[in-house]
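Quick note, our numbering runs 2 ahead of the 1-based positions in the sequence shown.
No residue lacks a Cβ here, since even glycine has one placed at the ideal position from N, Cα and C.
Contents: one structure, followed by commentary.
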Amino acid sequence: MLLNGRGGEQSSLALAHLFKQAAAKVHVGAMFVIAALYESGQALSFDQKAAQKWFAAAAERRHGYAQLLLGRYLSKGIAGEPNPRAARVWLERAVAQGVEEAAQELTVLEPA
3 MLLNGRGGEQ SSLALAHLFK QAAAKVHVGA MFVIAALYES GQALSFDQKA AQKWFAAAAE
63 RRHGYAQLLL GRYLSKGIAG EPNPRAARVW LERAVAQGVE EAAQELTVLE PA
């Protein structure tokens, strides 16, 4: 409701706060959403390092798309220095979870 304004005033900040509370309680989906909010700059300030941190938290808890995006961040050095070896590990884990896009990313990743 906070996202689309049904049942009350639309509030991106309140929504982000609720997702942060859920993420603090180790809700993996909320961790992924927080990362996406940081990555997009919606509701939270644009912050690629924070996005990578939250993608990593969700990836460590077996969230396939978080593994894909963490692998992408690491391969391209989006939030720091590129780390192709770590990127490969996360992309391979995403592939094992059935995330087909991760397999495509692996084909263009430099050999470790």
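* Asked: Is the CB-CB distance between LEU46 and ALA18 below 8 Å?
  -> Within the sequence shown, numbered from 1, the residue matching residue 46 stands at position 44. Within the sequence shown, numbered from 1, the residue matching residue 18 stands at position 16. Closer than 8 Å, so yes.
* Asked: CB-CB under 6 Å to ALA105, same chain, minus the five flanking residues each way: which ones, in chain order?
  -> Stepping through the sequence shown from its first residue, residue 105 is reached at position 103. Cβ within range, chain order: VAL97.
* To do: Have a look at GLY43 and GLY82 and give me their C-alpha separation to the nearest angstrom.
  => Within the sequence shown, numbered from 1, the residue matching residue 43 stands at position 41. Within the sequence shown, numbered from 1, the residue matching residue 82 stands at position 80. Their backbone Cα atoms lie some 18 Å apart in a straight line.
* Rounded straight-line distance, which links the Cα of GLN69 to that of VAL30 -> As a first step, residue 30 must be located in the sequence shown, where it is residue number 28. As a first step, residue 69 must be located in the sequence shown, where it is residue number 67. Each residue's Cα considered, the two are about 12 Å apart.
* Within its chain, find whatever has a CB closer than 6 Å to the CB of GLN54; leave out the 5 residues flanking it on each side and keep chain order. => Position 52 of the sequence shown, counting from 1, holds the residue named residue 54. Closer than 6 Å at Cβ, skipping near neighbours: TYR75, ALA81.
* Contact set for PHE57: own chain, Cβ-Cβ below 6 Å, skip 5 residues either direction -> Taking the sequence shown and counting its residues from 1, one reaches residue 57 at position 55. Result list for PHE57: ALA37, ALA68, LEU71, LEU72, in chain order.
* Measure the alpha-carbon distance for LEU108 versus PHE48 and round it to whole angstroms. => The residue given as residue 108 occupies position 106 in the sequence shown. The residue given as residue 48 occupies position 46 in the sequence shown. Using only the alpha carbons, I get a separation of about 27 Å.
* Can you give the Cα-Cα distance for GLN23 and GLU102, rounded to whole angstroms? -> As a working mapping, residue 23 is identified with position 21 in the sequence shown. As a working mapping, residue 102 is identified with position 100 in the sequence shown. Those two C-alpha atoms are separated by around 31 Å.
* Nearest-angstrom Cα separation, counted from LYS51 out to ALA2 -> Because the chain spans 3 through 114 in this model, residue 2 falls outside it and cannot be assessed.
* Quick one: grab the DSSP three-state call for ARG74. => Position 72 of the sequence shown, counted from the first residue, corresponds to residue 74. It is helical.
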